[in-house]
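Take a look at the structure below.
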Amino acid sequence: MYKFIQNQNKVDKILFGIIILLLCFGVLMVYSSSYIWSEYKFNDSFYYLKRQLLFAGIGFIGMIVISYFPYYMWKKYAKILLFACFALLILVLIPGIGMVRGGAQSWIGIGAFSIQPSEFMKLGLIIFLAAILSDHQKYITSFKKGFLPCLLLIFTAFGLIMLQPDLGTGMVLVLTCMIMLFVAGARLSHFFGLAGIGVLGFIGLIASAPYRINRILAFLNPWEDPLGDGFQIIQSLYAIGPGGLMGLGLGNSLQKYFYLPEPQTDFIFSIIGEELGLIGGCTTILLFFLLLWRGIKIAIEAPDLFSRLLAIGVAGMLALQAMINISVVIGLIPVTGITLPFLSYGGSSLTLTLCAVGILLSISRHAKSMEKSTKPII
């Protein structure tokens, strides 16, 4: 690992350092936020910690391996990856195969573990979209030949995810793909037209499911139903409020004592705010801003259009997911049920996120190698 960090032609050391900080901090906060619930539910206060360490270890190894894997090889297998992701999204909807948790049929069980196909689709679609846009960029300004086919693909994936249903993951997927289309050169007029249709579609999605309407109402006035739909956001704000500037101290959260439901997942940022205060929360946000900055820098310095779109897609996905999660926790948007990258407890989510960062490191490494090879001898 020391050689890996030291060889500046092999890795973006700043990005690598940011990921290590987020990963270590995430493991620490998963334990701090979960040991009470873990002891009660499994009679083992280290249950979630041990599993998070396992997922982090697998994901970290995957990140290292992928960082050495030539990024352009992903383009070769983009169609196969996308087909596999669609197959998983269909399988998870089949009764007896898909597992229901929290009202969503989003997991496929494998022994004692489970995977979330929508997490694979986010990365698979980014890779495929980067491949097809880089090969057919000249058509992207044409609505019929370029923009529309991409939209049909994106919203087919979104539709399958919504059948689970999982609006949060679907939002991240669609917004990430829109960023990639914009960077590829799509016309602004196409986005303006799509925005109008999107607003109507979003209203339709909300109106079609009573629980989504309840979430909107709970967001507008959580105190109207403090023990029902408004419960999570109220308890989240109860956690963040007393944190003040410095927090109550690591491990001293009160909301994790069965007030905030499973605080190690979607609402882990609430516990960070309660235990580490404004300083801890702002430091966490700063790390995500630095991650986005490095991702954009890697995209700008990328050696070709495919790697540029791939880098911006991965960086955008991570930044959007963090922004949505934190916005939910502090009450800026309705509850969506989406995890905080690197910090929330999770198996496929954490592993796939680290593998995605491995792709960023691979692009950076190749960009540096090309820069070095083109330097004049004198």
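Numbering-wise (my numbering), the sequence shown opens with residue 781 and increments by one.
C-beta atoms are modelled at their ideal positions from N, C-alpha and C, and glycine is treated no differently.
Quiz prompt | Rounded separation between Phe1086 and Ala1102 - CA only | solution = Within the sequence shown, the letter at position 306 stands for residue 1086. Within the sequence shown, the letter at position 322 stands for residue 1102. If I take the Cα positions, the gap works out to 25 Å.
Quiz item: Where do the ends of the alpha helix (DSSP H) carrying Val880 lie?
Solution: Counting from one through the sequence shown, the residue named residue 880 turns up at place 100. No alpha helix (DSSP H) holds Val880; the beta strand (DSSP E) holding it covers 878-881.
Quiz item: If you draw a straight line from the C-alpha of Ile846 to the C-alpha of Ala998, how long is it?
Solution: One-based indexing of the sequence shown puts residue 846 at position 66. One-based indexing of the sequence shown puts residue 998 at position 218. Looking at the two C-alpha atoms, the distance is approximately 42 Å.
Self-check item: Residue environment, Phe972, which counts as buried when at least 16 other CB atoms sit within 10 Å
Solution: Start at 1 with the first residue of the sequence shown, and residue 972 comes out as number 192. Exposed, since its Cβ has fewer than 16 Cβ neighbours within 10 Å.
Practice problem: Name the one or two DSSP bridge partners that Gly889 has. | Solution: For this step, residue 889 is matched to residue 109 along the sequence shown. Its beta-bridge partners are Ser894.
Quiz item: In three-state DSSP terms, what is Ala1082?
Solution: Locating residue 1082 in the sequence shown gives position 302, where the first residue counts as 1. The answer is coil: DSSP assigns Ala1082 none of H, G, I, E or B.
Practice problem: Quick one: using the 10 Å Cβ neighbour count with 16 as the cut-off for buried, is Gly728 buried or exposed? | Solution: Because residue 728 is not part of the residues shown, which for the chain are 781 to 1158, the question remains open.
Exercise. Please say whether Tyr811 and Leu833 have beta carbons closer to each other than 7 Å?
Key: The sequence position of residue 833 within the sequence shown is 53, counting from 1. The sequence position of residue 811 within the sequence shown is 31, counting from 1. No.
Exercise. Out of Tyr848, Gly1061, Gly1031, state which residue places its alpha-carbon closest to the alpha-carbon of Leu1025.
Key: By one-based count along the sequence shown, residue 1025 stands at place 245. Residue Gly1061 is the option with its Cα nearest to Leu1025.
Quiz prompt | For Val872, the nearest candidate out of Pro897, Lys856, Met958 (CA to CA) | solution = Against the sequence shown, residue 872 aligns to sequence position 92. The residue with the shortest Cα to Cα distance from Val872 is Pro897.
Practice problem: Within the same chain, show all residues whose beta-carbon is closer than 8 Å to that of Gly842, passing over the 5 residues directly before and after it, in chain order. | Solution: The residue you call residue 842 lines up with position 62 of the sequence shown. Around Gly842: Thr1131, Leu1134, Cys1135, Gly1138.
Practice problem: Tell me whether Pro945 sits in a helix, a strand or coil according to DSSP, three-state version. | Solution: Start at 1 with the first residue of the sequence shown, and residue 945 comes out as number 165. Pro945: coil per DSSP, three-state reduction.
Quiz item: Would DSSP call Val884 helix, strand or coil?
Solution: The sequence position of residue 884 within the sequence shown is 104, counting from 1. Here residue 884 turns out to be Ala, not Val, going by the sequence shown. The answer is strand: DSSP assigns Ala884 an E or B state.
Exercise. Over the uninterrupted alpha helix (DSSP H) stretch that includes Ala966, give me the two end residues.
Key: Here residue 966 corresponds to residue number 186 of the sequence shown, with the count starting at 1. Where Ala966 is concerned, there is no enclosing alpha helix (DSSP H), given that its DSSP letter is neither H nor E.
Practice problem: Report yes if the C-beta distance between Gly1053 and Ile1020 is below 7 Å; otherwise report no. | Solution: One-based indexing of the sequence shown puts residue 1053 at position 273. One-based indexing of the sequence shown puts residue 1020 at position 240. In this structure, Ile1020 lies closer than 7 Å to Gly1053 by Cβ.
Quiz item: Cβ of Phe900 within 7 Å of Cβ of Leu933?
Solution: Position 120 of the sequence shown, counted from the start, is the residue given in the question as residue 900. Position 153 of the sequence shown, counted from the start, is the residue given in the question as residue 933. It is not a contact, given that the beta carbons lie outside the stated cut-off.
Quiz item: Along the chain, where does the alpha helix (DSSP H) that runs through Ile1110 open and close?
Solution: Mapped onto the sequence shown, residue 1110 falls at position 330. From DSSP, Ile1110 is part of no alpha helix (DSSP H); its letter is neither H nor E.
Quiz item: Roughly how many angstroms separate the alpha carbons of Ile920 and Thr949, rounded to a whole number?
Solution: The residue you call residue 920 lines up with position 140 of the sequence shown. The residue you call residue 949 lines up with position 169 of the sequence shown. Taking the straight line joining both Cα atoms gives about 25 Å.
Quiz item: Along the chain, where does the alpha helix (DSSP H) that runs through Tyr811 open and close?
Solution: As a first step, residue 811 must be located in the sequence shown, where it is residue number 31. Start and end: 793-822.
Exercise. State the beta-bridge partners of Pro875 as determined by DSSP.
Key: For the purposes of this step, residue 875 is taken as residue 95 along the sequence shown, with counting starting at 1. BP columns for Pro875 point to Gly878.
Quiz item: Are the Cβ atoms of Lys918 and Leu953 separated by less than 7 Å?
Solution: In the sequence shown, residue 918 corresponds to position 138, counting from 1. In the sequence shown, residue 953 corresponds to position 173, counting from 1. No, the Cβ-Cβ distance between Lys918 and Leu953 is not below 7 Å.
Quiz item: Nearest to Trp854 by alpha carbon, out of Ala910, Ser894, Ala1082?
Solution: For the purposes of this step, residue 854 is taken as the residue at position 74 of the sequence shown. Considering only alpha carbons, the answer is Ala910.
Self-check item: Extent of the continuous alpha helix (DSSP H) to which Ile841 belongs
Solution: Mapped onto the sequence shown, residue 841 falls at position 61. It spans 827-848 - the alpha helix (DSSP H) in which Ile841 sits, taken as one unbroken run.
Quiz item: Measuring CA to CA, which of Ile860, Trp1073, Ala1147, Gly1010 is closest to Val1109?
Solution: Sequence index remark: in the sequence shown, residue 1109 carries index 329 (1-based). Nearest option by C-alpha distance: Gly1010.
Exercise. Return the CA-CA distance between Trp887 and Arg881, expressed in angstroms with no decimal places.
Key: Translated into positions along the sequence shown, residue 887 becomes position 107. Translated into positions along the sequence shown, residue 881 becomes position 101. When rounded, the distance between both Cα atoms is 8 Å.
Self-check item: Proximity of Leu1183 and Phe1049 at Cβ, strictly below 7 Å
Solution: The structure shown has nothing for residue 1183, since the chain only spans 781 to 1158.
Quiz item: So, is Glu1055 buried or exposed, given that buried needs 16 or more other C-beta atoms within 10 angstroms?
Solution: The residue given as residue 1055 occupies position 275 in the sequence shown. Buried.
Practice problem: Determine the burial state of Asn787: buried for a count of at least 16 other Cβ atoms within 10 Å of its Cβ, exposed for fewer. | Solution: Here residue 787 refers to the residue found at position 7 of the sequence shown. Confidence at Asn787 is low in this model, with a pLDDT of 44, below 50, so the placement of that residue should be treated as unreliable; the coordinate-derived value is given next. Exposed is the call here.
Practice problem: Note down the Cα distance separating Gly1096 from Trp1003, rounded to an integer number of angstroms. | Solution: Against the sequence shown, residue 1096 aligns to sequence position 316. Against the sequence shown, residue 1003 aligns to sequence position 223. Cα-Cα distance, rounded: 34 Å.
Practice problem: Confirm, please, whether the CB-CB distance from Gly889 to Leu1017 is below 7 Å. | Solution: On the sequence shown, residue 1017 is found 237 positions in, with the first residue counted as 1. On the sequence shown, residue 889 is found 109 positions in, with the first residue counted as 1. In this structure, Gly889 does not lie closer than 7 Å to Leu1017 by Cβ.
Practice problem: Using three-state DSSP, classify Gln1044 as helix, strand or coil. | Solution: Residue mapping note: residue 1044 aligns to position 264 of the sequence shown, counting from 1. Three-state DSSP puts Gln1044 in coil, outside helix and strand.
Exercise. Mind reading off the beta-carbon distance from Cys957 to Leu1028? Whole number of angstroms is fine, and I expect it under 8 Å.
Key: Here the question's residue 957 lines up with position 177 in the sequence shown. Here the question's residue 1028 lines up with position 248 in the sequence shown. Between Leu1028 and Cys957 the Cβ distance is about 40 Å, and since that is not below 8 Å, they are no contact.
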